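Residue numbers (my numbering), protein chains in the order written: chain X, 1 to 761; chain A, 762 to 988; chain D, 989 to 1073; chain L, 1074 to 1158.
No residue lacks a Cβ here, since even glycine has one placed at the ideal position from N, Cα and C.
From a predicted model like this one, the values you see are computed outputs, not experimental measurements.
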Amino acid sequence: MSRLELALQHGLSQREYETICASLQREPNELELGLFSLNWSEHCSYKSSKRFLKLLPTAGKRVLQGPGENAGVLELENDWCVAFKVESHNHPSAVEPFNGAATGVGGIIRDILSMGARPIALLDSLRFGDLTPQPPSRRGKGECLTPPRFGEGPGERSRQLFTGVVAGISHYGNCVGVPTVGGDVSFDDAYTDNCLVNVMCVGLLKRSQLKRAIAHGVGNKILLVGARTGRDGIHGATFASEDLVGETEAKRPNVQVGDPFTAKSLIEATLEVCQFPELIGLQDLGAGGLSTAPAEMAARGNVGIAIDIEEIPLRDPTMTPYEILLSESQERMVLCVKAGSEQKFLQIYRKWGLEATVIGEVIAERVYRIRHESRTIAEVPISLLVGGVPEPDLSPIPSPKEGGESPLPLREGGTGVRWGGAGGEVGGKNGRSWREALKQLLHSPTIGSKRWVYEQYDHTVQTNTVIGPGAHDAALLRVKGERFGIAVTMGGNGRYCQIDPYEGGARAVCEAVHNLLSVGAEPIGITDCLNFANPTDPEVLWSFEQTIRGMADAARALELPFVSGNVSFYNQSETRKIYPTPIVGMVGLLKDIELRVPMGFQGEGDLIYLIGKLSGKVGGSEYLKVFYGDIGGELERTDLELERQLVTVMLALAERRLLHSAHDVSEGGLLVALAEKSFARGLGARLELDDLSEEYLFGEWPSRFVVTVAPEREDALKELLDEAGVPYQRVGIVAGDALELGGDGVSVTELRRAYETALEL
Amino acid sequence: MRAAVVVFPGSNCDHDTYYVLKDLLGIETDLLWYRETNLERYDLIVLPGGFSYGDYLRAGAIARFAPVVQALPEYIERGRGIVLGICNGFQILTEAGLLPGALTKNISQRFICKTVKLRVENNATPLTHLFRYGEIIELPIAHGEGRYIAPRETLERLKRNRQILLTYYEENPNGSVENIAAITDETGTVFGMMPHPERNSERLFGTGDGLRLFQGVMQGPAGTPLP
Amino acid sequence: MKEFLVRVLVEPKPELLDPQGQAVERAMIELGLKNISGTRVGKLIKFRLKAISAQQARERVSEIAQKFLANPVIEKYSIELEELE
Amino acid sequence: MKEFLVRVLVEPKPELLDPQGQAVERAMIELGLKNISGTRVGKLIKFRLKAISAQQARERVSEIAQKFLANPVIEKYSIELEELE
Ligand SMILES: Nc1ncnc2c1ncn2[C@@H]1O[C@H](COP(=O)(O)OP(=O)(O)O)[C@@H](O)[C@H]1O
Ligand SMILES: [Mg+2]
Chain X
1 MSRLELALQH GLSQREYETI CASLQREPNE LELGLFSLNW SEHCSYKSSK RFLKLLPTAG
61 KRVLQGPGEN AGVLELENDW CVAFKVESHN HPSAVEPFNG AATGVGGIIR DILSMGARPI
121 ALLDSLRFGD LTPQPPSRRG KGECLTPPRF GEGPGERSRQ LFTGVVAGIS HYGNCVGVPT
181 VGGDVSFDDA YTDNCLVNVM CVGLLKRSQL KRAIAHGVGN KILLVGARTG RDGIHGATFA
241 SEDLVGETEA KRPNVQVGDP FTAKSLIEAT LEVCQFPELI GLQDLGAGGL STAPAEMAAR
301 GNVGIAIDIE EIPLRDPTMT PYEILLSESQ ERMVLCVKAG SEQKFLQIYR KWGLEATVIG
361 EVIAERVYRI RHESRTIAEV PISLLVGGVP EPDLSPIPSP KEGGESPLPL REGGTGVRWG
421 GAGGEVGGKN GRSWREALKQ LLHSPTIGSK RWVYEQYDHT VQTNTVIGPG AHDAALLRVK
481 GERFGIAVTM GGNGRYCQID PYEGGARAVC EAVHNLLSVG AEPIGITDCL NFANPTDPEV
541 LWSFEQTIRG MADAARALEL PFVSGNVSFY NQSETRKIYP TPIVGMVGLL KDIELRVPMG
601 FQGEGDLIYL IGKLSGKVGG SEYLKVFYGD IGGELERTDL ELERQLVTVM LALAERRLLH
661 SAHDVSEGGL LVALAEKSFA RGLGARLELD DLSEEYLFGE WPSRFVVTVA PEREDALKEL
721 LDEAGVPYQR VGIVAGDALE LGGDGVSVTE LRRAYETALE L
Chain A
762 MRAAVVVFPG SNCDHDTYYV LKDLLGIETD LLWYRETNLE RYDLIVLPGG FSYGDYLRAG
822 AIARFAPVVQ ALPEYIERGR GIVLGICNGF QILTEAGLLP GALTKNISQR FICKTVKLRV
882 ENNATPLTHL FRYGEIIELP IAHGEGRYIA PRETLERLKR NRQILLTYYE ENPNGSVENI
942 AAITDETGTV FGMMPHPERN SERLFGTGDG LRLFQGVMQG PAGTPLP
Chain D
989 MKEFLVRVLV EPKPELLDPQ GQAVERAMIE LGLKNISGTR VGKLIKFRLK AISAQQARER
1049 VSEIAQKFLA NPVIEKYSIE LEELE
Chain L
1074 MKEFLVRVLV EPKPELLDPQ GQAVERAMIE LGLKNISGTR VGKLIKFRLK AISAQQARER
1134 VSEIAQKFLA NPVIEKYSIE LEELE
């Protein structure tokens, strides 16, 4: 085989190969090709996405570390800082859901650790294909062996992926002792072949503890710590940079198996050594393993690194240098430490029962040099390896949606259906009343309770979870010894992006903002994971660009910086592309946790107000999907000026303690939001709505909150809203134990049953 | 009074428990590395929750051989102080044979994290004397292997000696026999419980019931303060 | 119809990391069982099965092992049959 | 020194309920494996051991199985040895 063929087999393009030869002024050897194949993979180099990512705003007064490191860092109060990032593990989870998801958790935790922060929370956004109805005889029995693999068919496969992924996150997150406090799960056929597993980790650190993934100072030592190196996941990053099609089965890397026990010791040992002034930089070994991490550290420090391959502790002594360098074994990190101090580092790791070895040193020549028994077996300029990849020549072209024929059945305007009162005589679909529709929506897996999921996650460990999963729009963590709290949320709706990627991107940002505002916290920064299909498809690239523009415009309007993120391309099979799916993770600061606002109705007699945009369309809603099997429709563009006003006014309302409860209106629309508010204490409401159209009851148009206020504070609330010029409307009063509307009613118990049994596996 | 919270590789509630003892109750408390064997100084030794050694094989199966656990029988025999195993700590104590019975996989075969109601079955112990007999309290659980089982004779003995301290109330989350959530040994100085009192020791997290349990230990049996 | 005692032994594929096996091996060594290596921890599934022949029993168990008892992506399995009186 | 392949099979004591075994049995029946009964799910621990004789190997493994690999309150075990070339 020619060298070129070998390069192509490594996933490099001919153009890339030629660039390498021209720069090296020779042909690269096989090991060097391996290095390039990983460093230049889409997954590691962001070659197709970086020019679009530049569109995202990254500056802000709290930003201590923006994109470019293992995680972003924002300043909070009293020298406390928060580090956070999201990471995808989509392909590995599609192949082996349990281990794929578990190692995804491990990877993102080590990213946070690399900043010198203690991981304090995890969130997970999951997307699967629609589940088939569960045969009644299997309900409520739980899993048997993991992962269970009953039957055939796409619904069964989605079920297996779902249970496997949740079990994997539960296994890893629980064991490392980081609470999983939030996230979201939704189901749609678009994700049948490619499920999405995005995990976000949040860490806490003092300003002075901030670390970077950097190496410098000639002669300083490079340490490898954690687990031994085995033949896991060789070519993992290249695998993540290709479509998920049948033939890749042969090319599939060995499944990486996570070891959360080793990870937990690695966290504790690393936090110990972070106190040493001799620690210069640290970096976790993620995709690409030793072929990428040290090179990236050297690039940041403008130095070179030489490593001695025979020093690396192996699980299997027969491994070749090629395998060692390309291995993606989990639970490993690389440290750069001052020469002479290595012993004290090694000691700490060994105390925790971990491997720790000096594997190399910083050199002046800016190359990544691999030595084997003192012989150089590969040597590549750092600048070429890291960032030297030529940008592929791709151009986005608008999807046919902007003209031409639509790939989606588009529904113009509303459906003209009005839901009736009792018995549904006013022409409700199939003669049903709004309460039947509401129950059915609450029972859909995407909207229904995710208790089955989050009860498998330890969400109370570390004793900081003030608001945990299932209780509110965002989770809230306290910081021991401080007044302030940290609110976190994560989510996104691919269906919106499928219809209108620009608007979908904007909404992803705005919804995260709403979730934080609902608990009373001020949004301060964003991390995101952009899950898309193959970027060489111009239409996909176009939706990618549009989504980013939507996110960027919303973030800019709300003065929110993106401080970290992740791109996952190639989420498609031969037959199916995922929806463009941006997942937004957001952090908020609540100045005083005593000012937190609950989600649910608190007491009878409280008045219910809808705040924000008071009318809109039904397009893109879960309602359309459930009742019409339709994901189309028209999405109204979010009014970013209104969003700005909502931020100000919601914060002011919370600060003045005017809100007895708050919840944003999102998936499912107004009635679903009201029903969710009734579950906390079993309190119902008498609703005073004069519009019973499906748009009004079930539309998902943006920029809305439902809040409650004590009757004696009603005037104060209205005054504040008037001053801010934000529209509002009284929609009812908290009363009884049923939701009543238009002479019809349904008990909270009945609604809750529908909601709680939506995901019974 | 002086307390130790043992740190095994894989412990993850060590800092949480330390925080309650040290910061909320002001007890002099050490984080004790699992290789320590000198327990003389301590009036209370807590084996905290977590996944010691990854809970590989069986929860607690490897940790029971740790030096600190090997030193416990002597400590208990001499009546030196109180040993409290919470969650993983309970599992370690049963594996070590310091408490009767065994903790096995939840009947659902899944990990479960939620707040549960518990009934106080014996309030004449240092751990529970600040509760009323029959009182219903709330504590979080978070475990995959919390289903308590024991041979019939052992259960008879536990009941006869009133060694059952807490039972799950209304709902049995893991399938434990007799709804058992917490027990003590025959000496009344070794305690094991699946629920996490340290996770409900502040009003911020609910009723704060967990704190009374630690306060009980601090005040000593029947209110006599420990040294 | 004959009755068989079936044992299906499932273990992690040899090329994959088995953290549980590693931890158990370390513990056994510390407990004094030197000279051991390559420890793997897997599952044992044991049941009684009625079938007309050993061959039929094996075929049917094979199918279920592949489909359900073992996860072919990460595990391998073996089947043992013993005819009961 | 000889080398042995050791398998320790650990399973729940017969008198104890085995919820995992029950769940697996139900699933197998649903998947079409009728005529099964008494399903138990246990553990397989497999390793290589060097010893001077089969008897010595068995003794040493017995000891570790009793003390560590199985929990005598709830489990029983059996040991299988195979001499390697
Ligand atoms: N995968 C998950 N992991 C943890 N918590 C989850 C997950 N999915 C949903 N939740 C929690 O369930 C609650 C409701 O989720 P969701 O319906 O997505 O909220 P929202 O409608 O506000 O976006 C939230 O508290 C969320 O954090
Ligand atoms: Mg919300």
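Taking 8 Å as the threshold, the shortest C-beta distance from cysteine 874 (chain A) to chain X falls below it. Contact residues of the segment 1085-1104 of chain L toward chain A are Pro1085, Glu1088, Leu1089, Leu1090, Pro1092, Gln1093 and Ala1096 (C-beta to C-beta distance below 9 Å). For phenylalanine 1120 (chain L), no Cβ of chain A is located within less than 8 Å of the residue's own Cβ.
Listed along chain A, the residues sitting closer than 8 Å to isoleucine 1147 (chain L) by beta-carbon distance are Ala863, Thr865 and Ile910. Remark: fewer than three beta-carbon pairs, one from each stretch, lie closer than 8 Å, so the segment 732-742 of chain X and the segment 617-632 of chain X are not flagged as touching. Counting only runs of at least 4 residues, the segment 460-518 of chain X fully encloses the following alpha helix (DSSP H) elements, listed from N- to C-terminal order: 494-499.
When secondary structure is reduced to three states using DSSP, asparagine 867 (chain A) falls in the coil class, being assigned neither helix nor strand. Exclusion of the five residues before and after asparagine 254 (chain X) leaves Arg231, Asp232, Gly233 and Ile234 as the residues of its chain whose Cβ lies within less than 8 Å of its Cβ. Of the candidates X:Gly34, X:Asp184 and X:Ile222, X:Asp184 places its Cα closest to the Cα of threonine 489 (chain X). Spanning the alpha carbons of serine 327 (chain X) and glycine 565 (chain X) requires a straight line of approximately 24 Å. Contacts with chain L at 8 Å (Cβ-Cβ) include glycine 936 (chain A). The three-state reading of DSSP puts methionine 297 (chain X) in helix, counting H, G and I together.
Two segments are said to touch when three or more pairs of C-beta atoms, one from each, lie closer than 8 Å; by this definition the segment 892-902 of chain A does not touch the segment 184-195 of chain X. In this structure, glutamate 30 (chain X) sits near leucine 6 (chain X), with a CB-CB distance shorter than 8 Å.
Straight-line measurement puts the Cα of glutamate 1098 (chain L) at about 30 Å from the Cα of leucine 126 (chain X). For secondary structure counted as the beta strand (DSSP E) over 3 or more consecutive residues, the segment 274-345 of chain X holds these complete runs in sequence order: 279-284, 304-308 and 332-337. Straight-line spacing of the CA atoms in glutamate 77 (chain X) and isoleucine 486 (chain X) works out to 11 Å.
Within its own chain, the residues whose Cβ lies closer than 6 Å to the Cβ of glutamate 545 (chain X), once the five positions on either side in sequence are excluded, are Phe52 and Pro396, listed in chain order. DSSP, read as helix, strand or coil, puts arginine 1113 (chain L) in strand.
Neighbours of leucine 1106 (chain L) across chain D, judged by C-beta separation under 7 Å: Arg1048 and Ile1052. Counting of Cβ neighbours within 10 angstroms places glutamine 160 (chain X) among the buried residues, the total reaching 16 or more. Contact of glutamate 838 (chain A) with chain L by beta-carbon distance below 9 Å is absent, the smallest such distance being about 21 Å. With distances taken between CA atoms, histidine 890 (chain A) lies nearest to A:Val978 out of A:Gly787, A:Asp775, A:Val978 and A:Asp791. Taken in chain order, the members of the segment 813-837 of chain A whose beta-carbon sits within less than 7 Å of a beta-carbon on chain D are Tyr814, Gly815, Tyr817, Leu818, Ile823 and Phe826. For threonine 19 (chain X), the uninterrupted alpha helix (DSSP H) segment begins and ends at 14-24. If the five residues before and after alanine 942 (chain A) are omitted, its C-beta is found closer than 7 Å to the C-beta atoms of Leu879, Leu927, Thr928, Tyr929, Met954, Met955 and Pro956, all from its own chain and listed in chain order. Of all residues in the segment 791-812 of chain A, only Gly811 and Phe812 place a beta-carbon less than 7 Å from a beta-carbon of chain X.
Along the segment 773-790 of chain A, the positions whose C-beta sits under 7 Å from a C-beta of chain X are Asn773, Cys774, Asp777 and Tyr780, read in chain order. Taking C-beta separations shorter than 8 Å and ignoring five residues to either side along the sequence, the partners of leucine 595 (chain X) in its chain run Gly520, Ala654, Glu655 and Arg657, following chain order. When DSSP states are grouped into helix, strand and coil, glutamine 729 (chain X) belongs to the strand group. Residue state for phenylalanine 128 (chain X) is assigned as strand, using DSSP reduced to three classes. In the pairwise beta carbon analysis, the segment 112-125 of chain X is classified as not touching the segment 46-62 of chain X: fewer than three pairs are separated by under 8 Å. Interface with chain A (8 Å Cβ-Cβ cutoff): valine 1029 (chain D) is included. Contact residues of the segment 459-474 of chain X toward chain A are His459, Thr460, Val461, Gln462, Thr463 and Val466 (C-beta to C-beta distance below 7 Å). Asparagine 302 (chain X) is classed as exposed because its beta carbon has fewer than 16 other beta carbons within 10 Å across all chains shown. Judged by their CB atoms, isoleucine 307 (chain X) and arginine 228 (chain X) are not nearer to each other than the 8 Å cut-off.
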